Amino acid sequence: MNGADAILRSLEAEGVEVMFGIPGGAIMPTYDAMARGTTVRHVLARHEQGAGHMAQGYARASGKVGVGIGTSGPGATNLVTPIADAWMDSTPLVCITGQVRSTLIGTDAFQECDITGITMPIVKHSWLVQNVKDIPAVIKAAFHVASTGRCGPVLVDVPRDIQEAELDFTYPETVDLPGWRPPRKVHPLQIRDAAERIAKAEKPVLYVGGGTINGDACDELRTLAEVGELPVVTTLMGKGAFPETHPLFFGWPGMHGTKWANIAMNTCDVLVAIGSRFDDPVTGKLTAFAPGATVIHLDIDPAEISKLRDADIPVVGPLKKAVHELAIAVGKHRAAGVPGPSAWVRRIEDLRDEFPLRYGSGGEWLKPQKVVETLQELTAGDDVIVTTGVGQHQMWAMQYILTEKPRNFITSGGLGTMGYGIPAAIGAKAARPEATVVCIDGDGCFQMTAQELTTAVIDDLPIIVVLVNNGYLGMVTQWQDMFFDGRRSHVGLGADVPDYVKLAEAYGGVGMLVESEAELEPALREALSLNRTVVIDCRVDPAEQCFPMIPSGAAAIDMVEYQDPVEATS
Amino acid sequence: MKHTISVLLEDKPGALARIATMFARRGFNIDSLAVGPTERPGVSCITLRVDAEHHSLEQIEKQIHKLVNVLRVTELAPEEAVERELLLLKVGADPERRAELVSTAEAFKGRVVDLGPDTVTFELTGTPEELDAFEELARPYGIKELVRTGRVGIARASARKASRLSAIN
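Protein chains in written order, with the numbering used here: chain A, 3 to 572; chain B, 0 to 168.
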């Protein structure tokens, strides 16, 4: 067989069920091999960025490695944003790109670009395959690196002549990566110290991030919280790691998190970071963050320990094992009579009552929060995956969607990639066809990747887009209003162009217009019943701002509460 | 605070670029970098002199260690390692002043590797501090050209087991 066949046989050997991509010159031999037959389903995206985000959505919804495929040059550069996104959010992703023929590399050939060079700072590792015989071992290694240790993206660049060259195919049993040794064990003394400190804490908080979901440690987390009576906050990336209707769940920390979560984190005496990384939207001003707390940091990546906040007790290792052992050890302290922090839990409950999430009535306008809140009411308890774009709507989705299970809330956290929502939803649908997939999107984000609605319709991967349409780049508008003396600079998107209903229909989907609260619930109900790709254009109050909020550069404890909306000027 | 780090890595395409890119991306400062083969086929050694003023040495080391081609990261503590550097120096020197310049170089165990009508080129191996000292002494004669390799280092036989920074789990 040739190298292209070897790529497909390798993907099959890795158990890949779906890949997302677009063909082009340098990857044509591999697409020709697809035409000859493969068990891997190929979803044809309309832009490689869409393919990459679909692969990410697939990975996040399924827990498997996502696969994106594209040609050289512009095909490869279009994958750069998904690769960077997967790097920031630790999403396991294998991108396979065609490259110009080996003999042309370095000559500025047609559609040549140095994609391994371009992506070097944003991949865990990459390979430029120089010998067809290396293909099986490289693909084996690529999947291994992407999915072990801290998950992340890898890139395999295969010149066209290597895809066309012949080889005798055997898929290796093992990988030969002497330098790749992610932690596999957990140090028992660190667990002992951590458990003792947690059990004796008067005001502990579990600060849970996306690593808990990647590390498949959510059941263990629940056991730890319950046996220790420990309050839990989850980051945007950790949303769903802990059931959000659980009595020990106390919201989300950070810039637009809940005030009670931020007060709890910043006044706690023991902060247990589990697969989270103290990034700036969570901490606000780092030097003022959780000043009195002893920090216990559990992570698979040793480099995250003490990167931003010094850890008093580091626990490096796979979180499933680490959290499991920690739960047992904390449980022993409780069984021995060390009491749980019940007064502290009552105190956070009081804070929650004192500073609830709230928004105004808005008069004639439909409020964006109402849109998300109604969606939550209609889908509570169902098998629903929510994806989002980035901006105000994303923060409202975090605040008003209550995610009960891991892998049901999929968003771009670290890179903050507008346009992530629609393709990620399509990828999630491919991973879990039985689930209802809803993309809560903004009108700015929608227009960055809307072409993928075609993919949703043609490849029968129906998604519902709930468009929180305020006619503005809303988060930027809010910042201009709050921090730039209200000077609105190039943020108006226009309320009537494009016509999202017609656009949805043009893509072969269903379009609905919602202009009032009365129209909202019937439209959502209908969309949820159709099993088709639907865009619900919800015209919401353009003056509504996202609160609470930690102002830029401020300490998390100085969070600003809901304010009545500033009058919009066009 | 400056530190010398010895990195063993697989001799694979792009391995050095990955380290350099990572340093640039994370804002770590490299004072010098020397790379070459080791006793093991397929394994190279990079000796890095890093400035850990703004980032902890531990963080720099951990980020290096995360790179897939990197096999081992070791700090060469000054008292437990031998460090050497090579200097090539072309100095302006009239025939009548050459003798004193050559005798200065000899005091540093340097030797003349090239002679021109009005220049002398010296080769000098030593600790980076010795090279600094010689450079200063040669400066008044008029340095025409100067190149240094950057330091390379090796742990002393008497050293405690080389401090393996990367021994986290």
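Ideal Cβ placement from N, Cα and C applies to all residues, glycine included.
These figures come from a predicted structure and were not determined experimentally.
Of B:Thr3, B:Ala33 and B:Glu52, the smallest CA-CA separation from B:Gly26 is found for B:Glu52. When only Cα atoms are considered, A:Ala201 and B:Glu74 end up about 37 angstroms apart.
Per the coordinates, the alpha-carbon of A:Leu226 lies some 15 angstroms from the alpha-carbon of A:Val340. Distance from A:Val512 to A:Ala437 at the Cβ level is roughly 19 angstroms; contact not present, criterion being Cβ atoms closer than 8 angstroms. Separation of B:Glu144 and B:Val34 (C-alpha to C-alpha, rounded to the nearest whole angstrom) is 22 angstroms. Three or more pairs of CB atoms, one per stretch, sit closer than 8 angstroms, so the stretch 402-422 of chain A contacts the stretch 230-244 of chain A. Rounded to whole angstroms, the gap between the alpha carbons of A:Trp481 and A:Arg311 is 28 angstroms.
Under the Cβ criterion of 8 angstroms, B:Pro12 is counted among the residues facing chain A. Less than 8 angstroms separates the beta-carbon of A:Val156 from that of A:Val147. Close to A:Ser308, with beta-carbon spacing below 8 angstroms, are these residues of chain B in chain order: Ser55, Glu57 and Gln58. Taking a contact to require three or more Cβ pairs closer than 8 angstroms, the stretch 383-403 of chain A and the stretch 338-355 of chain A do not qualify as touching. With distances taken between CA atoms, A:Gly119 lies nearest to A:Val158 out of A:Glu50, A:Pro358, A:Val158 and A:Val373. Straight across, the Cα-Cα distance linking A:Cys115 with A:Ala143 is about 23 angstroms.
Any Cβ of chain B closer than 8 angstroms to the Cβ of A:Thr79 would place that residue at the interface, and such an atom is absent. Spatial neighbours of A:Ala203 in its own chain (CB-CB distance under 7 angstroms, excluding positions within 5 residues in sequence) are listed in chain order as Asp271, Val272 and Pro343. Annotation: the continuous beta strand (DSSP E) that includes B:Ala154 extends over Val151 to Ala154.
With respect to the C-alpha of A:Arg434, the residue from A:Leu455, A:Ile465 and A:Met450 having the closest C-alpha is A:Ile465.
Per DSSP, the unbroken beta strand (DSSP E) holding A:His127 starts and ends at His127 to Leu130.
Assignment of B:Met0 by DSSP, reduced to helix, strand and coil, places it in the coil class. Pairing B:Val119 with B:Ala92 gives a Cβ-Cβ distance under 8 angstroms. Each residue's CA atom was taken as its position, placing B:Glu82 and B:Arg150 some 6 angstroms apart.
Nearest C-alpha to A:Ile24 among A:Gly52, A:Ala6, A:Leu455 and A:Gly256: A:Gly52. A straight-line Cα-Cα distance of about 31 angstroms links A:Ala78 and B:Val6.
The beta carbon of A:Ile164 is closer than 6 angstroms to those of Gly5, Val131 and Val134 in its chain, skipping five residues each way along the sequence. Sequence-distant Cβ neighbours of A:Trp129 in its own chain, meaning closer than 6 angstroms and more than five residues away, are Val140 and Val158. Fully contained in the stretch 20-90 of chain B are the following alpha helix (DSSP H) runs of length 4 or more, in chain order: 56-65. Its chain contains Leu368, Pro370, Val470 and Asn472 as the residues whose beta carbon lies nearer than 6 angstroms to that of A:Val542, once the 5 sequence neighbours on both sides are disregarded; these appear in chain order. Cβ proximity to chain B below 8 angstroms picks out Thr118, Gly119, Met122, Pro123, Lys126, His127, Ser128, Leu130 and Gln132 from the stretch 112-140 of chain A. For A:Val188, the closest alpha carbon among the candidates A:Ala57, A:Lys323 and A:Val467 is that of A:Lys323.
Using beta-carbon distances, B:Asn28 does not count as an interface residue toward chain A, since no partner is under 8 angstroms. Under the three-state reduction of DSSP, A:Met514 is assigned to strand.
Looking at the backbone, the Cα of A:Phe112 and that of A:Glu50 are separated by about 18 angstroms. A:Ile98 is a Cβ neighbour of A:Ile71, given a cutoff of 8 angstroms. Around the beta-carbon of B:Glu95, fewer than 16 other beta-carbon atoms lie within 10 Å, marking it exposed. Closer than 8 angstroms at the C-beta level to chain A, one finds these residues of the stretch 65-98 of chain B: Lys65, Leu66, Val67, Asn68, Val69 and Leu70. When Cβ-Cβ separations below 8 angstroms define contact, A:Trp182 makes contact with chain B.
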